[in-house]
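*Asks:* Here it is, the structure, as structure tokens.
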Amino acid sequence: MNKLLRAMTKPKIAIPLTIILTLIMVGVIVESFIHNDSEKPEDSDVIVVLGGGDQGRMKRAADLYESSYAEKVIVTPVGDRYNTEELTNIARHYGIEEEDIIVDSESTSTYTNAQRTIEIMDENDFELAMIVTSDYHVKRAKIIFDRLNDGSKSFTYIAAGNLEGDIWIDREDAIRHWLSESIKVWGYRFGLYKFFG
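Count along the sequence shown from 1, add 1050, and you get the number used in the working numbering.
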């Protein structure tokens, strides 16, 4: 062990090792700013609005619904912001017909969103879904939906700005979203879903 430590402190090893570690850290930091992996909307069986964020997610989903990309919309009131009734009313406010709304009232996180969405899709024989979430949240949603998918489903990921249409990096809370999602994305990459909601 001491020989290894002494070898690592020698300039021949320490300098290249420092350069490699610095490049890795720079890569991680640069990658942490790339959240908006939005894809082109596609005709689907269902539009899934992930819980959280502001009403920008619902507005984007309603736009897709009104453009006839899908006839059904799954909504999830994750967290304390909206209960099931309030979220259904918000969906109706943006033009989604009540009979086309499927409510997932069991999810408590992005991970359980993915689990429950796949279950609902199985129950309704849906194979194609557009996952609508905030632009800063797309990367983490994609990680877990793709990981839980057994290959029988096809997901398209649609990023939504906030209700005013601002992208995450232009908002006052950009640093909070960047830091929070950077940590949670790595938590999800390592499978620590229970700790990184």
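Cβ coordinates follow ideal geometry from the N, Cα and C atoms, glycine included.
At what residues does the alpha helix (DSSP H) containing Y1115 begin and finish?
*Replies:* 1106–1116 is the span of the alpha helix (DSSP H), which, as asked, contains Y1115.
*Asks:* What residues in its chain sit with their C-beta under 6 Å from that of L1178, if we drop five residues either side in the sequence?
*Replies:* Hits under 6 Å: S1094, D1095, S1204.
*Asks:* Closest to V1182 by C-alpha separation, out of I1069, S1088, P1066, would be which residue?
*Replies:* Here the closest residue by C-alpha is S1088.
*Asks:* At which residues does the alpha helix (DSSP H) containing I1217 begin and terminate?
*Replies:* Here I1217 belongs to no alpha helix (DSSP H), and DSSP marks it neither H nor E.
*Asks:* What span of residues does the alpha helix (DSSP H) with T1167 cover, start to end?
*Replies:* 1160–1173 is the span of the alpha helix (DSSP H), which, as asked, contains T1167.
*Asks:* How far does the beta strand (DSSP E) with A1209 in it extend, from its first residue to its last?
*Replies:* Taken as a continuous stretch (DSSP letters only), the beta strand (DSSP E) holding A1209 covers 1204–1210.
*Asks:* Determine the closest residue to I1140 out of D1200, R1107, E1121, with distance taken between C-alpha atoms.
*Replies:* Nearest of D1200, R1107, E1121 to I1140, Cα basis: R1107.
*Asks:* When the distance is taken between beta carbons, is A1164 closer than 8 Å to S1184?
*Replies:* No.
*Asks:* Kindly indicate which three-state DSSP category T1183 falls into: helix, strand or coil?
*Replies:* Three-state result, T1183: strand.
*Asks:* Return the chain-ordered list of same chain residues with a C-beta closer than 6 Å to the C-beta of V1235, the five sequence neighbours on each side being excluded.
*Replies:* For V1235, where only same-chain residues beyond five positions count, the Cβ hits under 6 Å are K1189, R1190.
*Asks:* In this structure, what does DSSP give as the bridge partners for I1124?
*Replies:* Bridge partners of I1124: V1098, I1152.
*Asks:* By how many angstroms is the C-alpha of T1162 removed from the C-alpha of T1138?
*Replies:* Their backbone Cα atoms lie some 19 Å apart in a straight line.
*Asks:* Which residue or residues does DSSP assign as beta-bridge partners of L1178?
*Replies:* Looking at the DSSP assignment, L1178 forms a beta bridge with S1204.
*Asks:* May I have the straight-line CA-CA distance separating N1174 from T1167, to the nearest angstrom?
*Replies:* The straight-line gap from Cα to Cα measures roughly 11 Å.
*Asks:* Exposed or buried, which one is H1187 when buried takes at least 16 other CB atoms within 10 Å?
*Replies:* Per the 10 Å Cβ criterion, buried.
*Asks:* Among the residues of its own chain, which have a CB less than 8 Å from the CB of D1220, if the five just before and after it don't count?
*Replies:* Hits under 8 Å: none found.
*Asks:* Using beta-carbon positions only, say whether I1170 and R1110 come within less than 8 Å of one another.
*Replies:* No, they are not a contact pair.
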